[in-house]
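Engineer:
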Amino acid sequence: MEKLKLFLFLLLSLIISNTADAQLKQAVLNIINADTTAEVGIDPVAVDSDKTAEMEKALEEARVNEMNLRLEMEVLRTQMHDLDSLEKDKQRQRIDSLRKITAKIPVVV
Numbered sequence: 163m164e165k166l167k168l169f170l171f172l173l174l175s176l177i178i179s180n181t182a183d184a185q186l187k188q189a190v191l192n193i194i195n196a197d198t199t200a201e202v203g204i205d206p207v208a209v210d211s212d213k214t215a216e217m218e219k220a221l222e223e224a225r226v227n228e229m230n231l232r233l234e235m236e237v238l239r240t241q242m243h244d245l246d247s248l249e250k251d252k253q254r255q256r257i258d259s260l261r262k263i264t265a266k267i268p269v270v271v
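At position 57 of the sequence shown the residue is numbered 219 (our numbering), and the sequence of numbers has no breaks.
1) Could you tell me the distance, in whole angstroms, from the CA atom of R256 to the CA atom of P268?
2) Taking only the alpha-carbon atoms, compute the straight-line gap between K165 and N195 and give it to the nearest angstrom.
3) For R225 and R254, what's the separation of their Cα atoms in angstroms?
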C-alpha cells in the first residue's frame, strides 16, 4: 500500500511539474517574442550625410598615408643616391691611387 502511495505521489508531482514547466516555457516565449522596442524613424538624409562624412574622413586618411609613403620613398631614394655617389667617389679615388702607383701600366676598370 505504501508503494502505491509513493507511486501516486511521484506521478502527481511529475504531472504538476510538467504543466508548470510548460507554463514557464510559454511565459518566457511570450516575453522574448514581445515587441518591446519602439520603431525609431531615422532621417535618410542624416544617415547619408553621416556615411558621406565617414567616407570623406577615410579618404583623407588614405591621402595622408599615401603622402607619407611617397615621402618615405623619396627619402629612401635620396639615401640610395647619396650612398651610390659615395661609392663612386671611393671607386674613383682607388682608381686614381692605382694610376699614381702604377704610372706606366694602364688601369682597366
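Note that the Cβ used here is the ideal one computed from N, Cα and C, for glycine as well. None of the values given here were measured: they were computed from a predicted structure.
Structural biologist: To lay it out plainly:
1) Your numbering for residue 256 matches position 94 in the sequence shown. Your numbering for residue 268 matches position 106 in the sequence shown. Roughly 14 Å separates the two Cα atoms.
2) For the purposes of this step, residue 165 is taken as the residue at position 3 of the sequence shown. For the purposes of this step, residue 195 is taken as the residue at position 33 of the sequence shown. If I take the Cα positions, the gap works out to 44 Å.
3) As a working mapping, residue 225 is identified with position 63 in the sequence shown. As a working mapping, residue 254 is identified with position 92 in the sequence shown. Counting only the Cα atoms, R254 lies some 43 Å from R225.
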